[in-house]
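Quick note: the sequence shown uses the UniProt record's numbering, first residue 1, plus one each step. The C-beta atom is built at its ideal place from N, Cα and C for all residues, glycine as well. In what follows, a structure is listed as structure tokens, so that the remarks can point back to it.
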Amino acid sequence: MHDDRPPAPRYRHDLDGLRGVAIALVVVFHVWFGRVSGGVDVFLVLSGFFFTAMVLRRGAGGGVSVPVVVVRTLRRLLPALLVVLASVAAWAVATLPYTQWTELSRQVLASALYYQNWQLASAAADYLAADPSVSPLQHLWSMAVQGQFYLAVLLVIAFVALVCRRVLRRPRLLRPAVGALVALGAAASFWYAATRPAVQQDWTYYDSAARAWELLAGALLAVLLASVSLPTGRVARFVRALLALGGLAAVLACGVLFDGAQQFPGPAALFPVLATVALIVAGAGERPPAVSRLLASWPLVELGAIAYALYLWHWPLLIGALIYTRSGGAGVGSGLVVVGLALLLAVLTRHGIEEPLRQRSDRRAGAPVLVRRGIGAMVALAGVTVLGAAWFWQAVLFDNERPLSALDPVVYPGADALVAGVSAPPAAVRPSMLEAPRDVPASTTDGCISDWHTTAVVTCDYGDPDGARTIAVVGNSHAEHWLTALDAIGRARGVRIAVYLKMGCSLNLREDSLYRGEPISDCRDWSRAVLDQLTVDRPDWVFTTATAPIWPVGGDEVPQGFVEVWGALAERDLRVLAVRDTPWLRTAYGRYRAVDCLAAGGTAEGCGMLRADALAPVNPALEPAAEFPNVHLLDLSDAVCGPQVCRVVEGNVLVYHDEHHLTASYVRTLTPELERQIGAGTGLW
1 MHDDRPPAPR YRHDLDGLRG VAIALVVVFH VWFGRVSGGV DVFLVLSGFF
51 FTAMVLRRGA GGGVSVPVVV VRTLRRLLPA LLVVLASVAA WAVATLPYTQ
101 WTELSRQVLA SALYYQNWQL ASAAADYLAA DPSVSPLQHL WSMAVQGQFY
151 LAVLLVIAFV ALVCRRVLRR PRLLRPAVGA LVALGAAASF WYAATRPAVQ
201 QDWTYYDSAA RAWELLAGAL LAVLLASVSL PTGRVARFVR ALLALGGLAA
251 VLACGVLFDG AQQFPGPAAL FPVLATVALI VAGAGERPPA VSRLLASWPL
301 VELGAIAYAL YLWHWPLLIG ALIYTRSGGA GVGSGLVVVG LALLLAVLTR
351 HGIEEPLRQR SDRRAGAPVL VRRGIGAMVA LAGVTVLGAA WFWQAVLFDN
401 ERPLSALDPV VYPGADALVA GVSAPPAAVR PSMLEAPRDV PASTTDGCIS
451 DWHTTAVVTC DYGDPDGART IAVVGNSHAE HWLTALDAIG RARGVRIAVY
501 LKMGCSLNLR EDSLYRGEPI SDCRDWSRAV LDQLTVDRPD WVFTTATAPI
551 WPVGGDEVPQ GFVEVWGALA ERDLRVLAVR DTPWLRTAYG RYRAVDCLAA
601 GGTAEGCGML RADALAPVNP ALEPAAEFPN VHLLDLSDAV CGPQVCRVVE
651 GNVLVYHDEH HLTASYVRTL TPELERQIGA GTGLW
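In structure tokens:
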């Protein structure tokens with residue numbers, strides 16, 4: 001049978017070497033600098049280039065068999081991925097508290113099914129989600145983006161090939177048609193990535209639509225190089241030499257010049273993308289330049305051969321090391337251990353799993369059939385076991401937990417143990433470690449809080465909706481988590497409790513307002529809209545937070561932006577109930593969750609914070625509030641913290657549902673004290 005498939009182009013060892021350079025940059029920048037190197041962007045361009053070229057050759061040679069390509073791709077990618085997922089899952093079960101298994105199980109499933117980027121994007125935008133920045137599987141977002149791209153491009157090229165060959169009877173139109181579609185898609189994706197607001201970077205970074213243009217740049221290059229011949233001659237060789245030198249220099253410098261986590265995949269990502277394009281073009285013709293020959297050298301080619309496995313292994317090992325050493329970053333010694341182990345595991349994965357399973361089924365392929373089948377069976381068993389366990393944990397065990405109703409106050413006095421000295425009988429802590437993440441105010445589950453990326457003012461009524469008096473709860477989640485008590489007070493006292501809430505946004509009118517160290521203009525604009533709305537609604541009191549923690553530890557303070565807001569409310573003749581913020585669980589290395597500490601065997605006191613580290617000796621809001629007659633301070637610190645330690649369990653009730661938000665159950669026990677302080681300061685009752 002005649003095969004009119006065009007011959008495969010010369011194998012590009014230099015691009016294997018480029019893979020090696022890219023993975024080296026990824027590992028070095030992750031381990032020692034905590035930055036994005038641009039290496040992943042190089043990978044994306046190369047993936048788009050190689051995969052599109054392969055599928056185009058098949059399409060030009062008589063059509064594309066989608067199942068064949070899918071099986072071939074999965075056989076190449078899935079075994080190593082499943083081994084890493086199984087290893088991470090086993091490590092987590094052996095070393096991490098069970099309170100972290102739910103999030104990890106979600107990420108295991110998302111990684112295996114190639115939607116990890118969306119899982120992380122949702123976690124970054126989910127107000128209740130655990131911080132994904134320390135997930136041992138976070139790096140697999142790029143594998144998910146590539147997998148989604150492979151499927152989309154495969155289906156598009158297969159369809160175009162079918163139309164060109166069977167309908168139009170003009171198979172030569174395949175490359176021009178695919179090129180036009182790829183160019184259009186790349187332009188649309190680039191425009192989308194370039195116009196995304198900066199405050200949506202947490203989502204955009206993982207967004208497949210925003211990332212697509214990087215892969216499509218490689219895909220477009222594959223179409224062009226398959227369709228045109230590069231010029232030859234001395235001038236052409238000189239230009240290619242410049243492209244190669246400039247491209248390699250740009251790849252090496254990218255991580256230093258750009259903060260990729262905050263700028264990619266926007267226009268700044270053109271830097272590593274065009275550098276990769278330059279290197280691909282430079283080495284495409286005859287007599288490749290010196291830089292291309294350097295990239296094709298044995299050490300870099302070998303490093304490129306284990307690049308995929310090295311990428312899979314390095315991040316879980318790094319996160320495991322940081323957890324083990326309880327440090328915020330790797331030192332020289334621990335970093336070298338991580339890199340050495342990652343290299344060793346990558347080599348073992350390549351020679352023990354990847355290569356045997358890629359061989360053909362005949363005995364001449366190099367590995368005995370029984371050995372290959374045994375390896376395949378073990379990988380499949382590990383994958384099925386881990387995925388099944390992950391699904392069972394989150395879908396059956398965790399999802400059966402339901403939000404708590406009111407607890408028996410005799411068994412669960414909560415804050416009364418501090419305020420009134422009430423003794424609690426021995427009982428299991430409630431909410432339990434698995435119930436805690438869902439023990440949240442009604443406004444969260446009701447959707448009565450503006451999300452991260454909107455300036456719309458969302459309002460809802462609680463307490464007594466027909467009450468003659470109104471308390472407006474305004475600000476972020478640290479105003480919101482008092483709602484459970486305020487709702488009960490409002491129903492008992494005939495007060496309407498109106499919420500004006502936004503994720504991550506205390507009232508802040510400053511032009512330079514920040515969140516997570518980045519400008520958040522949405523917060524400023526939302527705050528202005530809320531002030532305008534409060535001017536119209538005229539609540540009797542505005543309830544909001546008065547202080548914020550000092551990082552990493554060292555008490556609390558009143559941000560200048562809060563004082564400015566008090567002045568703006570005074571100008572509008574609005575009275576303020578300013579509540580001192582509750583302690584955030586934190587160490588010198590970052591925040592931690594009470595449930596994780598308790599699940600790992602910690603005690604209520606041992607998992608807590610020294611009061612001197614959590615709170616200033618005197619409420620720091622006293623002095624600035626004295627300048628504003630419209631501001632009345634509330635301070636429930638003595639109902640949350642003991643004299644020496646802010647424990648994470650009081651009166652058998654868990655205080656925190658995450659690192660810094662109070663459980664709805666504990667806030668419910670704070671109702672009498674909050675009611676007393678509001679009444680004493682306002683005369684409402």
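{"Check": "Return the first residue and the last residue of the alpha helix (DSSP H) that Trp685 is part of.", "Outcome": "First-last for Trp685: undefined, no H or E at that position."}
{"Check": "Considering only the alpha carbon of each residue, which of Asp596, Ala546, Leu507 and Pro552 lies closest to Ala436?", "Outcome": "Asp596"}
{"Check": "Going by C-alpha distance, which of Glu354, His351, Leu317 and Arg350 is nearest Val337?", "Outcome": "Leu317"}
{"Check": "Against chain B, does Cys460 count as a neighbour if the rule is that its beta carbon must be under 9 Å from one of theirs?", "Outcome": "The displayed structure is made up of one protein chain only, and chain B is not part of it."}
{"Check": "Applying the criterion that 16 or more other CB atoms from any shown protein chain within 10 Å of the CB defines a buried residue, is Leu295 buried or exposed?", "Outcome": "buried"}
{"Check": "Spell out the partners DSSP gives Pro240 in its beta bridges.", "Outcome": "Residue identity check: residue 240 is Arg in the sequence provided, not Pro. In the DSSP output, where bridge partners are listed per residue, Arg240 has none listed."}
{"Check": "Mark Ser665 as exposed unless 16 or more other C-beta atoms lie within 10 angstroms of its C-beta, in which case mark it buried.", "Outcome": "buried"}
{"Check": "Which same chain residues end up closer than 6 Å to Asp14 when comparing Cβ atoms and leaving out the 5 residues on each side of it in sequence?", "Outcome": "Gly283, Ser292, Leu295 and Ala296"}
{"Check": "Inspect the beta-carbon positions of Trp32 and His139 and report whether they are closer than 9 Å.", "Outcome": "no"}
{"Check": "Would you give the residue range spanned by the alpha helix (DSSP H) that Tyr311 belongs to?", "Outcome": "Ala307 to Thr325"}
{"Check": "For Pro559, which residues from the same chain have a beta carbon less than 6 Å from its beta carbon, with the 5 sequence-adjacent residues on both sides left out?", "Outcome": "Ala548"}
{"Check": "So, does the region 267-279 touch the region 236-256, judging by three or more C-beta pairs under 8 Å?", "Outcome": "yes"}
{"Check": "Please state whether the Cβ-Cβ distance between Arg593 and Asp537 is less than 9 Å.", "Outcome": "no"}
{"Check": "Which residues bound the beta strand (DSSP E) around Cys460?", "Outcome": "Thr459 to Gly463"}
{"Check": "Measuring CA to CA, which of Gly490, Leu418 and Ser229 is closest to Thr470?", "Outcome": "Gly490"}
{"Check": "DSSP on Met609, reduced to helix/strand/coil?", "Outcome": "strand"}
{"Check": "If you count every other CB in all the chains shown that lies within 10 Å of the CB of Ser637, and 16 or more means buried, which is it?", "Outcome": "buried"}
{"Check": "Relative to the C-alpha of Tyr311, which residue among Pro620, Gly39, Leu622 and Thr587 is closest?", "Outcome": "Gly39"}
{"Check": "Alpha carbons only, please: which of Ala210, Val631 and Val495 is nearest the one belonging to Asp466?", "Outcome": "Val495"}
{"Check": "CA-CA distance, Val228 and Gly328?", "Outcome": "51 Å"}
{"Check": "In angstroms, rounded to a whole number, what distance separates the CA positions of Ala616 and Ala485?", "Outcome": "25 Å"}
{"Check": "In its own chain, which residues sit with a C-beta less than 6 Å from the C-beta of Val618, not counting the 5 before and 5 after it?", "Outcome": "none"}
{"Check": "To which residues of the same chain is Trp118 closer than 8 Å at the C-beta, ignoring the five residues directly before and after it?", "Outcome": "Ala110, Ala144, Tyr206 and Ser208"}
{"Check": "Would you list, in sequence order, the uninterrupted beta strand (DSSP E) runs of no fewer than 3 residues that lie entirely inside the region 515-600?", "Outcome": "541-545 and 576-579"}
{"Check": "Taking Val277 as the reference, give the member of Glu480, Gly233, Val223 and Leu300 with the closest Cα.", "Outcome": "Val223"}
{"Check": "Could you tell me whether any non-hydrogen atom of the ligand COA is closer than 8 Å to the CB of Asp512?", "Outcome": "This structure lacks the ligand COA; in fact it carries no ligand of any kind."}
{"Check": "From Asn630 to Val563, what distance separates their C-alpha atoms?", "Outcome": "12 Å"}
{"Check": "Pick helix, strand or coil for Leu81, following the three-state DSSP scheme.", "Outcome": "helix"}
{"Check": "With H, G and I counted as helix, E and B as strand and the rest as coil, what does DSSP make of Tyr412?", "Outcome": "coil"}
{"Check": "So what does DSSP say about Ala621, is it helix, strand or coil?", "Outcome": "coil"}
{"Check": "Could you give the first and the last residue of the continuous beta strand (DSSP E) run that contains Thr470?", "Outcome": "Arg469 to Gly475"}
{"Check": "Around the C-beta of Ala307, are 16 or more other C-beta atoms found within 10 angstroms, so that it is buried, or is it exposed?", "Outcome": "buried"}
{"Check": "If you drop the 5 nearest sequence neighbours on each side, which residues of the same chain put their C-beta closer than 6 Å to that of Gln116?", "Outcome": "Ala110, Leu140, Trp141 and Ala144"}
{"Check": "Are Ser226 and Ala210 touching if we call contact CB-CB under 9 Å?", "Outcome": "A small fix is needed here, since residue 226 is Ala in this sequence, not Ser. For Ala226 and Ala210, no; Cβs fall outside 9 Å."}
{"Check": "Just list the residues that DSSP pairs Arg496 with in beta bridges.", "Outcome": "Gly463 and Thr470"}
{"Check": "Run through DSSP, which three-state label would Glu673 get?", "Outcome": "helix"}
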